[in-house]
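Chemist: In this note's numbering, the protein residues as written are 189 to 377.
Below is the structure I would like to discuss, written out as structure tokens.
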Amino acid sequence: EFQGKLLCGVNHRICLYAWKTSDKGTSDNNLTLECTHRGFILILSLAIHGEFIVAGDLIMSMTLLRYTDKKITEIARDASMDMLTALEAIDDETFIAADNASSLFTLVKNTETTSEDEAKRLQWSGGWHLGDQINRFKHGSLVMANQEGDAPAIPKLLFATVSGAIGVVATLTADKYQVLHHLETNMSK
């Protein structure tokens, strides 16, 4: 569901359908095509955040779109040719994806540029090789929220892999990041 409508990826296009109720007062409701957006090879995943739509393509990586005035328009896209297996919108400017090479990466909207071409390109902001293929992201947490505010990490997303593993994408404070980074560095020696 997207703003009370049905949003779907059908092969090479995104379709947005609206429910039309019968004028006769019966329960005969129909889906009518409100708008489409073409320009993909094969859409494998969709995510929404507010008025934004993020589409994951088999070949053409990630595309950020906006729905306004009964029209879907492209805002920006990833220039790489990653074969995505899952994606999700973290917020209006940050997006996470997983590819068929078993890696996670985040992309952000380039809001600080004055160049129109650069603004239409999603920028890589971080990545990590997981070693397992992710097939689903989901907003949420496996534990209840900490009421004291001293949680070491604030869970943002859960993910599931093809091997059955469940993982967490979380926000860390700078101090907690330094401790964990130091631990990681020492473990790799």
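Quick reminder that beta carbons are idealized off the backbone N, C-alpha and C, glycines included.
In whole angstroms, give me the CA-to-CA distance for Leu-345 and Ser-376.
Modeler: Cα-Cα distance, rounded: 26 Å.
Chemist: Based on Cα-Cα distance, which residue from Arg-226, Glu-281, Ile-241 lies nearest to Ser-233?
Modeler: Measuring from the Cα of Ser-233, the nearest candidate turns out to be Ile-241.
Chemist: Terminal residues of the continuous beta strand (DSSP E) containing His-327?
Modeler: Element bounds for His-327: 322 to 327.
Chemist: Classify Gln-366 as helix, strand or coil using the three-state DSSP reduction.
Modeler: Looking at Gln-366 - three-state DSSP - the assignment turns out to be helix.
Chemist: Can you tell me where the beta strand (DSSP E) holding Asp-305 begins and where it ends?
Modeler: No beta strand (DSSP E) holds Asp-305; the alpha helix (DSSP H) holding it covers 304 to 307.
Chemist: Assign Gly-319 to buried or exposed, taking buried as 16 or more other Cβ atoms, counted over all protein chains shown, within 10 Å of its Cβ.
Modeler: With fewer than 16 other Cβ atoms within 10 Å, it is exposed.
Chemist: When the Cα atoms are used, what is the spatial distance from Ala-353 to Leu-330?
Modeler: Approximately 13 Å between the Cα atoms of the pair.
Chemist: State the Cα-Cα distance for the pair Asp-287 and Ile-322, rounded to the nearest angstrom.
Modeler: If you take the alpha carbons of Asp-287 and Ile-322, they lie about 8 Å apart.
Chemist: Measure the alpha-carbon distance for Ile-229 versus Glu-262 and round it to whole angstroms.
Modeler: Taking the straight line from one Cα to the other gives about 15 Å.
Chemist: Looking at C-alpha atoms only, which residue of Glu-281, Leu-194, Ser-290, Asp-257 is the closest neighbour of Leu-272?
Modeler: Minimum Cα distance to Leu-272 is reached at Ser-290.
Chemist: What does Asn-218 pair with, by DSSP beta-bridge criteria?
Modeler: Looking at the DSSP assignment, Asn-218 forms a beta bridge with Lys-208.
Chemist: For Gln-311, which residues of its own chain have a beta-carbon under 7 Å away from its beta-carbon, when the five flanking residues on both sides are left out?
Modeler: For Gln-311, where only same-chain residues beyond five positions count, the Cβ hits under 7 Å are Leu-295, Val-296, Asn-298.
Chemist: Using the Cα positions of Leu-221 and Leu-194, report the straight-line distance between them to the nearest angstrom.
Modeler: Approximately 9 Å, taken between the alpha carbons.
Chemist: Looking at the structure shown, is Leu-246 part of a helix, part of a strand, or coil, going by DSSP?
Modeler: Three-state result, Leu-246: coil.
Chemist: Would you say the beta carbon of Ala-277 is closer than 8 Å to some non-hydrogen atom of the ligand NAD?
Modeler: Absence of the ligand NAD from the depicted structure is noted, as is the absence of any ligand whatsoever, leaving it without description.
Chemist: Can you grab the Cα-Cα spacing for the pair Leu-219 / Phe-190, in whole Å?
Modeler: In a straight line, the C-alpha of Leu-219 is about 14 Å away from that of Phe-190.
Chemist: Between the Cα of Arg-226 and the Cα atoms of Ile-202, Leu-275, Gly-314, which residue gives the shortest distance?
Modeler: Cα-wise, what sits closest to Arg-226 is Ile-202.
Chemist: Just confirm the distance between the C-beta atoms of Arg-309 and Arg-265, as a whole number of angstroms; I'd bet it's less than 8 Å.
Modeler: Contact flag correct, Cβ pair sits at about 7 Å.
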